[in-house]
Amino acid sequence: MKVLHVNTVDFGGAATACLRIHKGLLKHGIDSKVLFLQRTKNNAETYEFIGPQKGKLGKIADRVTGKVKYLRNRAKVVALQSKLKPGMIYSEPTSEYDITQSPLYQEADIIQLNWVRGLVDEPSFFAKNTKPVVWRMPDLYTCGGGYHYELGFPFKALEPELTTNEKVRKEALKGADLTMVPISNWVKEKADKSDIIGRFNKRVIHNGIDSEVFRPHDAVFARKVFNLPLDKTILLFGSDIPHDERKGYGLLLEALKQIDNSSLCICVFGSGVVPEAANVYQVGHINDDRLLSVLYSAADYFVMPSVEEAFGQVTIESAACGTPVVSFPNGGSKDIIIEGLNGCLATNFTADALAIALKKALSTNFNREAIIADTLKRFNINDKINEYISLYKSLLSTSS
């Protein structure tokens, strides 16, 4: 069985989840490869799309042509996205690429689409495709005409594009035979209601966690690694775009005004920068997962104030390190958090509700070993990989 994963870039949350599935399949003896439009890292069996093989000069020409196409298409999308608020993402179901030309596509038995904006041209791909397709849903992109999350949409300035994209996608998928894999029950609920993909079979497969990487470390050691105070209660927050309204950092700050925060501090990680303030520590972007597990171990609580989140990989990463989570009742957190066992959920999406959840968490004596045990029971990466393998086998047996 040969599986080809397709993802636009090899960085970011969706790419991380895609690569974890890919690596898990390799460990299980599955012939797995990943096709990227932009490949910046040397992960095993990952490749950059450069069109059909034509010898060395042909490869160079394809690479240059591909880059020009990418920049041209990106310029158009960036111009449209410039109308949106920070963090809002707009994408189109068309591109100037034909991934069916790739030898990787041609030799594969199963195609798994992931985050494919700007890479997969849906009209031509589904017209030519002859293989079983699994479309993993890391957000709501496939549900509509270009939005990845609902916050801020419908957006009047983009209504013509969104309407056109919906028509294009509906037509492209009209004769398609797809299996959708939402990464949370919330994403599945949205997909079921979609006029575009509601009719397709769906199977929820949560993201998984590798306990060999994400594991607890001594808290004092962890705080010393990041030069964090030993005498404070640390709330950890992570985002590459902290000023993104969807990520809720502003709501977290508002919530903290409502509780006694003299003994609290916030630790922020990610490539974005928040305004400097007393008791706010910024440790920047962390590329190494093992180092990230040390940071989770340094915190007393992880806070997930996102008002929309398809899953929230950081939530299970934190829990795998024994750190409880305080969260809004967003899509992924409702699947992950068991009240009082591994964290606390706010009752609604307000700063007042988040403050109440924080107070409850601060007064709860969480059992870190129980948090870890529950996380590995429900989100073990090996179990998730076996779910994918089972799905692939069932699709291949049906198509043969």
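Numbered per our numbering, the sequence shown spans residues 360 to 759.
Where is the CB? At the ideal position from N, CA and C, for every residue including glycine.
| Can you name, in chain order, every residue of its own chain whose Cβ lies under 6 Å from the Cβ of K547, other than the five neighbours on each side? | P541, K561, V563
| query | With a CB to CB cut of under 6 Å and the five nearest residues on each side skipped, what residues in its chain are close to V492? | reply | I470, L537
| request: Please list, in chain order, all residues of the same chain as G417 whose beta carbon is under 6 Å from its beta carbon, the five residues on each side excluded. | output: With a pLDDT of 46 at G417, under the threshold of 50, the modelled position of this residue cannot be trusted, and the question is left open.
| query | Per DSSP, K397 forms a beta bridge with which residues? | reply | The sequence as given places Gln at residue 397; Lys does not occur at that position. Answer by DSSP bridge pairing, in chain order: V368.
| Cβ contact (3+ pairs, closer than 8 Å) linking the segment 647-657 and the segment 683-690 | no
| Any idea what DSSP makes of N560, helix, strand or coil? | strand
| Backbone secondary structure at F514 - three-state DSSP | coil
| field | Integer-rounded CB distance, given that R574 should sit under 8 Å from A729 | value | Not quite, the Cβ-Cβ distance comes to about 15 Å (not below 8 Å), so this is no contact.
| Where N544 and L396 are concerned, what is the direct C-alpha to C-alpha distance, given to the nearest angstrom? | 29 Å
| request: Determine the extent of the alpha helix (DSSP H) in which Y464 is found, giving its start and end residues. | output: 462-466
| In angstroms, rounded to a whole number, what distance separates the CA positions of M447 and C502? | 16 Å
| field | Y751 versus F738 - alpha carbon distance | value | 20 Å
| query | Among residues of its own chain, excluding the 5 on either side of M496, which ones have a beta-carbon nearer than 7 Å to its beta-carbon? | reply | M539, V540, P541, I542, V546, A550
| task | Return the CA-CA distance between V625 and P664, expressed in angstroms with no decimal places. | result | According to the sequence displayed, residue 625 carries Ile and not Val. Using only the alpha carbons, I get a separation of about 13 Å.
| query | In its own chain, which residues sit with a C-beta less than 7 Å from the C-beta of G699, not counting the 5 before and 5 after it? | reply | T723
| Start-to-end residues for the alpha helix (DSSP H) that takes in F580 | 578-584
| Beta-carbon gap between R379 and I740 smaller than 9 Å | yes
| said: Quick check on the DSSP output: the alpha helix (DSSP H) that includes E676 runs from which residue to which? | reply: 672-679
| Should D619 go down as buried or exposed, given a rule of 16 or more other Cβ atoms within 10 Å for buried? | exposed
| message | According to DSSP, simplified to helix, strand and coil, what is T706? | response | coil
| said: Quick test of your reading: E407 and S391, contact by CB under 8 Å. State the CB separation rounded to the nearest angstrom. | reply: Not confirmed; about 16 Å, so no contact.
| query | Would you call the segment 512-532 and the segment 641-652 in contact, with 3 or more CB pairs under 8 Å? | reply | no
| Beta carbon of L510 nearer than 9 Å to that of E613 | no
| request: Could you pull out every residue in the same chain whose Cβ sits closer than 6 Å to the Cβ of K415, ignoring the five residues on either side in sequence? | output: Residue confidence for K415 is low, a pLDDT of 48 falling below 50, so the modelled location carries little weight; the figure read from the coordinates is stated next. Contacts found: none.
| query | Whose CA, out of L615, R582, E635, K616, lies closest to the CA of L650? | reply | R582
| query | What number of angstroms, rounded off, separates the C-alpha of K606 from the C-alpha of A716? | reply | 17 Å
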